[in-house]
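Each remark here refers to the structure printed beneath this line.
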Amino acid sequence: MELFDIYIIAEVVILSAALWFVAGYAEKVVTQRWRILYFLPFLLCIFLTAGIGFEISMLGAYIAAALPLAGFVRDSKKVRRICCIAACGLSLTALPVCLLNGNYRAFDYTKDFETGFTAMRNRYVLSEYKDVEWDSLYREYRPKFAAAEDDIDAYIAWSEFCAEFHDGHVGYVPETKTEEEEDAFKESVFMRLGANDYGLCLLTDSEGRAAAVNVDESLSSLGIKNGTIITAWDGKDVFEAAKESPLFRILSFPDKDNELFYLPACAAGFGGESVTVSFLDDSGKERSAQLPLLGGYYKRFKSALETVKQGYPAANFGWEELSDSTVLLRIKLMSFDKSSSRTEDYSDMKSQLKSVCEEQLANGKTNLVIDLRGNGGGSGQLVKALGETFAPVGTHFYCCDGVWDSEEMRYLYDEESKTYPTSVENTFVGEDCWRGNQIVVLVNSDSVSAADHLNMILQGKDNITIMGFTESTGSAQGVGSMGLTRGILSFSGSLVLNRDGTPFVDAGTDRESGNDIDIRVPLDEAAITALYDRGEDYLLEKAMEYLSQQ
Amino acid sequence: MWSVAKAQLYQLKKDFITPLVFFGLLLLEAATMLIGVLTMINEHLQNPTMPEPTAGELFIIQLSMPFFGAVFAIVVTATFCCSDFSDKTLNYELMTGHRRSDSFFARALLSLAFGIGGAALLEFAPVCVLSAIYGWGENVIFRDAMLRGALVLLPVARLICEFVFISFLVKRRFAVMALGFVIIMLENSLPLFTESRSPLLAQTNINLLTYINAWSSFGLQGNIHVVYEAAIPARDVLLTVAASVGFGALFLFLGYVFFRHDDID
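Sequence order for the protein chains is A and B. Under this note's numbering, read the first sequence as residues 1064 to 1613, first letter to last. Under this note's numbering, read the second sequence as residues 36 to 300, first letter to last.
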C-alpha cells in the first residue's frame, strides 16, 4: 500500500479517537474554538490526497475524514461522539478494500497513450507521406494499453505502436535511471515476450540465408558454429518464423533492406523447452539438431547486435592513426561542445577540423575514415559544417525546409501532388579540406537522424565512399520528444525536404530510404568469423583494404 | 447587507495597505515579465532561429506563476474580513441590528469581487501591454489561452472562500496574511514531492490549469516555431468548476457556521 494512503487512514483513526475525548471537554468550556479541531481530519485528508491522487478504494477513508465536520457544524457531544466512532470504523474499512482490490492504485496506461497519440496525430510530420491511418491505429492499440498491467506490458504496447511507423525517430523510452536498470528492464521485456536463448543468434548473410552468430560453445558438439547456415527453425522457414515472433513486432526498421538483415534474429529466440533446427554442415549437407533451452535471449541478442554494429572505440570527434597513410575521425554524436550547441555556430569546430586535416595531410596521411557507426544524430548545422569541411569545392544542395502554416500551426501539404511545399533551400559551399584524397564513411543501421543527413550530403561525391554491412537508419526529419508519466515518446516533428517536396532521406510506404550505400560489405563466413570468433572490427579492416587499393 | 458592504467600501478608501500591495505586486509582475522578455530577446540575439518574444508566449509563461493574484486575493480577504474585529466595529455592527449573515456574506462577497478583480487585473494587464508592443503572436491560440486564464480565476475564488473561513477563525489581519503566505508556499511545495496537478487544492488546481504542453518545430535555416497546446480538456474544466464551486461553498458554509456561533468579545 502507498504510504500516503496509510497516513490518511491513520490520521483519521487517531484524530477521530482524540476528538471523541475532546467532545466531552468541549461541552464544559464556553469558547467554541474547540470546534475547529473537528475540521482537522478533513483538512489533512485533502492535503494528502492532493499529493498522492484520488483512489476509489480509499473512498471509505475519504468519507470518514469528512464525518467529523458534523462536529464542527453541530455543537453537540452526542453528534460529535457518534461521528468520531463512525469515522474510526469507516476509515479502517479502507484498509482491507485497498489490500484486496487488484486494481488498487493501478496506473492508467491509456492516459499516457491518449496524450502521446493525440500529440503525434497533431504533430507527426510524415502522416500523409507514410499513409498513417490514425483511427485504425487508435482502435488497435488503445485496448492494448487498457489491458497493460505494468510498465513492461505498456512498453511492449508502445514498441509495437512505434514500430508501425517504420521511422527511426518514433520511439518510446521507459523511465530508467542507469544503463543497468535499462538492461534489466529490457531483459524483463524479452522474458515477457517469451524470448528464450537456444545458444545462438541469427543474421541474414550476403546470400540471403540465416547465418548463426554469437554461437554458444556448447553447440559446437552438435556441429553448429558461427557462420553455420540455419535452414529451418522449429520446422519452419527461418524468415517466416521470424515474422511470426513477438520480437519482430516490437523492432522498428525504417528501411526494408536493414529489416531483412536483422530479421532472422527475431526467430532465434522462440521455441519451447528445446527447439529443432535444420542446418548445413561443413560438407553442405542438411542436418537437424535439437537445441536445449539455455536461459533468456536478451543478452545473446544484445551482444550479437553490438558486435555487428560496433564502432571504433574513440572519443567523439577523436582522431586515431590507423596506418601510415590512414587516419580515422570518430563521430559518435552530431554535437561538438556546449557553446556551439547553444549558439548553433560551428565555425570554431570547422577551423579545428581544417587545421587537423592540414596537419594529417602534412604528415603524409592520404586516406580518411569517418566512422559514423552508431551515431545517434544531433545538429543539422553541425552536419552542414562537416559537409563544408569535407565535400568537394563548390556549392552543394543540402535540403529544403517545409512551409509553416501559422494559422493551422502545422506544415503545409499538397494533397494533389502528394508533396510538401518547400521554403528555404539550404546549400553549403564545400571547401575540400581533405584535398580530394579518399574518404570512406562507415555507417550502420544505428547511424540515424543527423548521421543520415551527413550520409546523404556526402554520398555521390567522387572521393567519398559510403560503406557498411547495412545502410544508415533512414530517418532524417527533425525529432521532438514529449515526457509522459512513465517514459518519453519521440517522433518526427520538423520537416526536412528534398527539392521536389518529398521528405529528405525518410522512406515512404515503399520503405526505401533516400540514403544509398556505395559498398555493402558482405556478411559472409569470413566476416562472421572475424567478428564473432576473433573479435575484429571487420568493417574497418575492409575500409582500410579498400583505401589501400585506391 | 448592502449597508455593511458600503461601509466596507468606505473603509477600503481609507486603507493604504491594499492598494500598496496591489501596485507592489503589479510592479513585481512587470519585473518578472521584463526578465522573460529580456531572456527571449537574448536567446534570439544569440541564435537568430530562436523566436522573438510574443505576448501569447509570455502570457503562457506568466500563467505558470499565478502567485501574485493569489497573494493579492488573500490580502484583500484578510482586510475585509478581519479589520473590523480588532477595532470592535463588528460588535457595534451587530449591536445595531445587523444580522450575522449580512455581516458575514457582505464581507465574503466583497472579498470575492475585489480579490477576483485584482487577480484578473494582475493576470491580464501585463499581457495587454505586451500585446501592444509585440503583438499576440501565432504560437498560441488566443481563445484557448484566455479560457485557461479565466479558469485560473476559479481556484483563486475558491482560495478567497478558504481565507474568508480562516479570517473569521483567526480574526487578525496580518496573521491571516502570514498564514496565507505559508499555505501558498506549502501547496506550492507539493509538486516537489509529487507530480500532483490535482484539483483538490487551490494551488494544485492552478498547476493543473497552467500545465501546457509545448512543441517546437524547426528548419535548418528557418525559425523555430514553438506551438503551445493551450486547448484545455473538458475533463479539466469540469473538475476545476466542480472543485472550485464545491470547496468554495463548503468553506463559506463552515465559516458562516463558525461565525454564527462565535462569541465576539
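No residue lacks a Cβ here, since even glycine has one placed at the ideal position from N, Cα and C. None of these values were measured; they are calculated from a predicted model.
Sufficient close CB pairs (3 or more, under 8 Å) joining the stretch 1499-1518 of chain A to the stretch 1465-1474 of chain A: no
Nearest to A/I1145 (by Cα), restricted to the options A/G1134, A/S1154 and A/L1155: With distances taken between Cα atoms, A/I1145 lies closest to A/G1134.
Enclosing alpha helix (DSSP H) for A/D1587 [first to last residue]: Premise fails: A/D1587 is in no alpha helix (DSSP H) and is neither H nor E.
C-beta contact flag for A/A1226 and A/I1119 at 8 Å: no
Neighbour-count burial assignment, A/P1159, 16 or more Cβ in a 10 Å radius: Exposed, because fewer than 16 other Cβ atoms sit within 10 Å of the Cβ of A/P1159.
Simplified DSSP assignment, three categories, for A/W1296: strand
Any chain B beta carbon closer than 8 Å to A/D1495: no
Cβ pair B/T275, B/L186 closer than 8 Å: yes
Sequence-distant residues of its chain with Cβ nearer than 6 Å to A/L1357 (five each side left out): D1260 and G1262
Whole-Å CB distance - A/T1389 paired with A/K1428, under 8 Å assumed: Indeed they touch by this definition, with Cβ atoms about 7 Å apart.
Straight-line Cα distance separating B/E222 from B/N242: Spanning the two alpha carbons is a distance of roughly 10 Å.
Alpha-carbon spacing of A/S1538 relative to B/V56, whole angstroms: 56 Å
Spatial neighbours of A/N1561 in its chain, beta-carbon cut-off 6 Å, leaving aside the 5 residues before and after: F1567
Nearest-angstrom Cα separation, counted from A/Y1474 out to B/G254: 11 Å
Contact belief for A/F1248 with A/K1193 at Cβ below 8 Å, rounded distance in angstroms: 29 Å between Cβ atoms; not a contact.
Contact set between B/D297 and chain A, taken where Cβ atoms lie within less than 8 Å: Q1095
Residue burial classification, B/H296 (beta-carbon count within 10 angstroms, cutoff 16): exposed
Cβ-Cβ distance between B/V106 and B/L60 below 8 Å: Yes. Within cutoff.
CB of B/M75 within 8 Å of CB of B/A141, strictly: no
Three-state secondary structure (DSSP) of A/W1497: coil
Chain-order list of residues whose beta-carbon lies under 8 Å from that of A/G1347 (same chain, five-residue window excluded): Contacts found: none.
Host beta strand (DSSP E) of A/Y1461 (start-end): G1457 to G1465
Alpha helix (DSSP H) runs wholly inside the stretch 172-258 of chain B, at least 4 long, in chain order: If one requires a minimum length of 4 residues, the alpha helix (DSSP H) runs lying completely within the stretch 172-258 of chain B are 177-205, 208-228 and 237-245, in chain order.
Minimum Cβ-Cβ distance from B/S279 to chain A less than 8 Å: Chain A, which has no Cβ nearer than 8 Å to the Cβ of B/S279, makes this no.
Coil, strand or helix - A/L1354 by DSSP: A/L1354 sits in a strand when the DSSP states are folded into three classes.
Residue(s) in a DSSP beta bridge with A/A1274: A/L1266 and A/I1292
Any C-beta of chain B under 8 Å from that of A/F1460: no
Contacting positions in the stretch 252-281 of chain B - beta carbon closer than 7 Å to chain A: S252, F253, G254, L255, Q256, G257, H260 and V262
Residue from B/K206, B/R207, B/I95 and B/A160 whose Cα sits closest to the Cα of B/E264: B/I95
Buried versus exposed call for B/S202 [16 or more other C-beta atoms within 10 Å across all chains shown]: So B/S202 ends up on the buried side.
Same chain, Cβ closer than 8 Å to B/F200, neighbours up to 5 away in sequence not counted: F286, L287, L289, G290 and F293
Proximal residues to B/F216 (C-beta, below 8 Å), its chain only, five neighbours per side dropped: V106 and I109
N- and C-terminal bounds of the alpha helix (DSSP H) containing A/I1520: A1513 to L1521
Where A/S1337 meets chain B, residues with beta-carbon distance less than 7 Å: Result: empty, since nearest Cβ-Cβ is about 47 Å, beyond 7 Å.
Cβ pair count under 8 Å reaching 3, the stretch 1164-1175 of chain A against the stretch 1524-1543 of chain A: The stretch 1164-1175 of chain A makes no contact with the stretch 1524-1543 of chain A; the number of CB pairs closer than 8 Å stays below 3.
Residues, ordered as in the chain, of the stretch 1164-1182 of chain A that lie near chain B by beta-carbon distance below 9 Å: T1178, T1181 and A1182
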